Amino acid sequence: MTTLFQYDPKAADNGVVAVAAAQPCSLRGCTNTNAQICAYRDRRGRRCPATFCPAHSVSFSGTSYCRRHAGTVQAIGELAKDPNGFPDLNDRAPSLVNWIARDLDQSIRRLLGRAARGGESVIVDESVRLAHDPARKARWERSWRIVEHTGLVLKVTVHVSEDNDALVHVRVGTEMVADGVPPWIARRREGQEVEAAIDVSQRQLFYRFLEENISSAVLRFRARGDRAPWGR
Ligand SMILES: [Zn+2]
Ligand SMILES: [Zn+2]
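Position one of the sequence shown corresponds to residue 29 (the numbering used here), numbered consecutively onward.
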């Protein structure tokens, strides 16, 4: 890290020590002046202008990001090695997909583990990836798959499109089984605040809604006894 507090001899003559390069933290209410600019730079070369102090930013191996872009960098995993892999500055989709996928991960693994038959196994994406729908619209997604030696049996996908980065879609095979705007995002859009206990119960309801729809779609798939020739 560079020196943030510089000694200014002219100011010192007046009995004042200047803090020339001190940067105030952008978080409302934080009085720290040792903020650093977020290191995020998107695939078009645009930089994030946010400046946060160490307590309100996140750093990965010495590089510091605002919390939002720390979420993006974490979400894209290996893609972060490619300068062209960084999502647009204002794209919240990758970190939202990652967040939802992380919260659903245990229950989907359990569900697919139970649904898998002899000779089949479950494979899980570790980070989000960029995909395109048939209309070439970009979306970020994370998947869990049941596979066997000849290929894919069934795929469960959580995705968020670039053109509506608040709406979470869940697909099981070709079936769209659920979509919805997470309650905390709906509230943020409406400028609503709720007590922590209500927040927790709204989140639980949202996840239960997704899990139940995924679970019944997987059971339907198994009941049909078919394979997924389409399922890529
Ligand atoms: Zn701060
Ligand atoms: Zn940032």
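Note that the Cβ used here is the ideal one computed from N, Cα and C, for glycine as well. These numbers come from a predicted model, not from an experiment.
Who are the near neighbours of T178 in its chain, counting only those whose CB is closer than 6 Å to its CB and skipping five residues on each side? The beta carbon of T178 is closer than 6 Å to none in its chain, skipping five residues each way along the sequence.
Along the chain, where does the beta strand (DSSP E) that runs through G179 open and close? G179 to S189
Where V188 and V86 are concerned, what is the direct C-alpha to C-alpha distance, given to the nearest angstrom? 24 Å
Do the region 144 to 164 and the region 98 to 113 meet, that is, are 3 or more Cβ pairs less than 8 Å apart? Between the region 144 to 164 and the region 98 to 113, the count of C-beta pairs closer than 8 Å reaches three or more; the two stretches touch.
Going along the chain, which residues of its own chain have a beta-carbon closer than 6 Å to the beta-carbon of S123, five neighbours each way excluded? Non-local C-beta neighbours of S123 in its own chain, meaning closer than 6 Å and more than five positions away in sequence, comprise G99, T100 and A103, ordered along the chain.
Say the cut is 7 Å; is the CB of Y93 nearer than that to a heavy atom of ligand 2? yes
Cβ separation of H84 and C53, assumed to be a contact under 8 Å, to the nearest whole Å: 6 Å
Shorter than 7 Å, the distance from the beta carbon of H84 to the closest heavy atom of ligand 1, or not? yes
Runs of alpha helix (DSSP H) wholly within the region 78 to 135 (minimum 4 residues, chain order): 95 to 104
Anticipated Cβ contact below 8 Å, V186 with V196, distance rounded: The Cβ separation is near 6 Å, so the contact holds.
For the beta strand (DSSP E) that contains A159, what are its first and last residues? R157 to H160
Cβ neighbours of C81 in the same chain (closer than 7 Å, five flanking residues each side left out): C53, C58, N60, N62 and A63
Here's a check: name, in chain order, each residue in its chain whose Cβ is nearer than 8 Å to the Cβ of R95, leaving out the five neighbours to either side. F80, H84, S85 and V86
Helix, strand or coil: how does DSSP classify V228 here? helix
Would the region 70 to 77 and the region 122 to 140 be scored as touching if the rule is three or more Cβ pairs under 8 Å? no
L81 Cβ short of 7 Å to ligand 1 heavy atom set: First, the amino acid is wrong: residue 81 is Cys here, not Leu. Yes, ligand 1 has a heavy atom inside 7 Å of this Cβ.
In chain order, which continuous runs of the beta strand (DSSP E) of length 3 or greater are located wholly inside the region 191 to 247? Fully enclosed beta strand (DSSP E) runs of 3 or longer: 196 to 200 and 203 to 208.
Cβ-based neighbour list, A159, same chain, cut-off 6 Å, excluding 5 preceding and 5 following: Hits under 6 Å: R167 and E169.
Output yes or no for whether 8 Å exceeds the beta carbon distance between E190 and A245. no
For the beta strand (DSSP E) that R167 lies in, which residues bound it at each end? A166 to E176
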